[in-house]
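As they're listed, the protein sequences go chains A and B. If you read the first sequence in our numbering, its first letter stands for residue 1, the second for the next number, and so on. If you read the second sequence in our numbering, its first letter stands for residue 1, the second for the next number, and so on.
There are 2 protein chains.
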Amino acid sequence: MPKLGMEPIRKDALVKATITEIGRTGSLDVTVSQIAKRAGMSSALAHHYFGSKEDMFLAAMRHIMTIYGAEVRGALGVAQTPMARIEAIVVASFSAANFRREAVGAWLNFWVLAQTVPQAKRLVAVYQRRLKSNLLVGLRPLAGARAEAIAEGLGALIDGLYLREVLRPGAPDGAAAAQMARDYLAAHLAATSLDING
Amino acid sequence: MPKLGMEPIRKDALVKATITEIGRTGSLDVTVSQIAKRAGMSSALAHHYFGSKEDMFLAAMRHIMTIYGAEVRGALGVAQTPMARIEAIVVASFSAANFRREAVGAWLNFWVLAQTVPQAKRLVAVYQRRLKSNLLVGLRPLAGARAEAIAEGLGALIDGLYLREVLRPGAPDGAAAAQMARDYLAAHLAATSLDING
DNA sequence: TTTTTTGTTGATTGACGAGTCAATAAACTT
DNA sequence: AAGTTTATTGACTCGTCAATCAACAAAAAA
């Protein structure tokens, strides 16, 4: 019963299944069969649509980054002030869609993949660049010359919070993580203004 | 030519080789043969001393944590003030021995391993607990009620800096990373005192 | 000096898994 | 209607690798 136009549907299912399986098992040692099974098809079909397992991984990475990017863009669209821009990024970073177990677990594994696969490394680099530049737009008016360092630090903190989330027991607490990022920011901005005034 | 008393020597060589190989390849997909070869012996011998590959991984984790712990303890021993205690931890965290490529790459992979292997998870938990409690001793006199949150944040930042180091091109720059941690701290302490005074 | 313990490895087993292939079938084209 | 493209899978190939085994050597113990 070959319905035509299956390709995008199947690819999409595979991408989601890839994220789910990596997140679930907490490892890149997932078999194509596992992924295909979760996506409701044979492993041969998975290989038919994606040439290789690596391609599936890369597509899954792109998917996660796409969701993240879209959410950030959306929030940024309605931000009026520099502070609101940063807040938007923080909130998006720890939103339910992005900070869910699966995605975070997968994200960590993609980071590992980036050590091996140049293509994956490039994707992570894109993410880092985008994050930093987004933060800088908001930070420069608020922190001037310090914006650079603060953005770098906040980026590392966000990644660190993701990293730790992976091993935290219980449900993800995006609100707490976001608060931590906010505190970081508040402390740095307070310190900066203190420096300017005194 | 069986010299006696080889066991500790072999085990040590295997542990170091494990870290090197994981760090070098950036993945847990290293074969026992690879590790054994680097350690200068047959894979059968590696299996003889460690029952399984997993045991080698766990021993390697313990080794990394031991080095880290020793360095922190050493630095802490000579720290006189709360501030010096924190500084000691920061410096140790980004010391040449701990912040070297291999070790950082291995550390990331161990984090992934912790998602799968309970024993590994426990080791990471030990590390996190120890780091936090060490930080708190120094932090409490300086930040009072905020010490808890600051310690948590600083821990996450340190882990995040490790995470990012993995993908940074060029030689590790422990000094820059340490400075970032110091900035975090300075900003938070400044904010805290500001809050107290005003 | 026999026996046991420790060190050591080449060869083998057994499992698993990525990727390919051949075959089947339903649509679409001409 | 014949030919082509798209969808789909079971079976298979081929390689890899953790773990085990059988065997050998040398030191230590009995």
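Cβ coordinates follow ideal geometry from the N, Cα and C atoms, glycine included.
Check your understanding: Do THR116(A) and ARG105(B) come within 8 Å of each other at the CB atom, strictly closer than that value?
Key -> According to the sequence displayed, residue 105(B) carries Gly and not Arg. Cβ distance not < 8 Å, so GLY105(B) and THR116(A) don't count as in contact.
Practice item. For GLY198(B), collect the residues of the same chain with a Cβ closer than 7 Å to its Cβ; drop the 5 residues on either side in sequence, then sort them by chain order. Key: In this predicted model, GLY198(B) has a pLDDT of only 38, less than 50, meaning its place in the structure is not dependable; the value taken from the coordinates is given anyway. There are no such residues.
Practice item. Provide the residue span of the alpha helix (DSSP H) that contains ASN134(A), from first to last. Key: 118–143
Review point. Which chain B residues are close to LEU123(A), counting only those with a beta carbon under 9 Å from its beta carbon?
Key: The premise fails here: LEU123(A) is roughly 11 Å from chain B at the closest Cβ pair, so nothing lies under 9 Å.
Review point. Do the stretch 32–41 of chain B and the stretch 10–18 of chain B meet, that is, are 3 or more Cβ pairs less than 8 Å apart?
Key: yes
Review point. Which of helix, strand or coil does DSSP assign to LYS3(B)?
Key: coil
Check your understanding: Whose C-alpha, out of GLU21(A), ILE89(A), ILE158(A), is nearest the C-alpha of PHE57(A)?
Key -> Ranking GLU21(A), ILE89(A), ILE158(A) by Cα distance to PHE57(A) puts GLU21(A) first.
**Study point:** Whole-number beta carbon distance between LEU113(B) and LEU28(B), since they are thought to touch under 8 Å
**Key:** The pair is a contact, with the Cβ atoms about 6 Å apart (cut-off 8 Å).
Exercise for review: Could you check the C-alpha separation between TYR49(B) and GLY5(B) for me, to the nearest Å?
Suggested key: Whole-angstrom Cα-Cα distance: 12 Å.
Check your understanding: Going by alpha carbons, who is nearest to GLU87(A) out of ALA176(A), ALA190(A), LEU135(A)?
Key -> Closest option to GLU87(A), judged by alpha-carbon separation, among ALA176(A), ALA190(A), LEU135(A): LEU135(A).
Check your understanding: When the Cβ atoms of the stretch 139–151 of chain A are set against those of the stretch 141–151 of chain B, are three or more pairs found closer than 8 Å?
Key -> no
Check your understanding: Does VAL112(B) come within less than 8 Å of chain A when only Cβ atoms are used?
Key -> yes
Review point. Does any C-beta atom of chain B lie closer than 8 Å to the C-beta of ASN197(A)?
Key: Below a pLDDT of 50, predicted positions are generally treated as unreliable, and ASN197(A), at 45, falls in that range; the measurement from the model is reported next regardless. Not one chain B Cβ lies under 8 Å of ASN197(A).
Point to revise | Start-to-end residues for the alpha helix (DSSP H) that takes in THR66(B) | key: 53–77
Review point. Using the C-alpha atoms, what's the distance from GLU7(B) back to ALA92(A)?
Key: 52 Å
Exercise for review: Go to ASP159(B), then tell me how far its alpha helix (DSSP H) extends in each direction, as first and last residue.
Suggested key: If you look at ASP159(B), you'll find it in the alpha helix (DSSP H) that goes 147–165.
**Study point:** Partner residues on chain B for THR116(A), Cβ-Cβ distance less than 8 Å
**Key:** THR25, GLY26, SER27
Review point. Quick one, are the C-beta atoms of ASN98(A) and GLU54(A) less than 8 Å apart?
Key: no
Review point. Would you call the stretch 127–134 of chain A and the stretch 121–135 of chain B touching, i.e. three or more CB-CB distances under 8 Å?
Key: no
Check your understanding: What three-state label does DSSP hand GLY174(A) in the structure shown?
Key -> helix
Exercise for review: Decide if SER193(A) is buried, meaning its Cβ has at least 16 other Cβ atoms within 10 Å, or exposed.
Suggested key: exposed
Check your understanding: Could you check where the alpha helix (DSSP H) with ARG100(A) kicks off and where it finishes?
Key -> Here ARG100(A) belongs to no alpha helix (DSSP H), and DSSP marks it neither H nor E.
Review point. Which residues in chain B sit within 8 Å of ASN109(A), going by Cβ to Cβ distance?
Key: VAL112
Review point. What number of angstroms, rounded off, separates the C-alpha of VAL166(B) from the C-alpha of LEU108(B)?
Key: 8 Å
Point to revise | Integer-rounded CB distance, given that MET61(B) should sit under 8 Å from LEU157(B) | key: The pair is not a contact, with the Cβ atoms about 22 Å apart (cut-off 8 Å).
Exercise for review: Measure the alpha-carbon distance for ALA125(B) versus PRO118(B) and round it to whole angstroms.
Suggested key: When rounded, the distance between both Cα atoms is 10 Å.
Check your understanding: Counting contacts by CB-CB distance shorter than 8 Å, is ARG164(B) in contact with chain A?
Key -> yes
Check your understanding: Taking any Cβ of chain A, which residues in the stretch 176–197 of chain B have a Cβ under 7 Å from it, in chain order?
Key -> MET180, ASP183, TYR184, ALA186, ALA187, HIS188, ALA190, ALA191, LEU194
Practice item. Indicate whether ALA176(A) and ALA191(B) have their beta-carbon atoms separated by less than 8 Å. Key: For ALA176(A) and ALA191(B), no; Cβs fall outside 8 Å.
Point to revise | 8 Å Cβ shell around ARG182(B) - same chain, five flanking residues per side excluded | key: GLU87, VAL90
Review point. Leaving out five residues before and five after ARG24(B) in sequence, what residues of the same chain have Cβ atoms less than 8 Å from its Cβ?
Key: GLU102, GLY105
**Study point:** Simplified DSSP state of LEU113(A), which is helix, strand or coil
**Key:** helix
**Study point:** ASP29(A) - DSSP class collapsed to helix/strand/coil
**Key:** coil
Exercise for review: Determine the closest residue to GLY155(A) out of ALA151(B), ARG164(B), GLY155(B), GLU152(B), with distance taken between C-alpha atoms.
Suggested key: ARG164(B)
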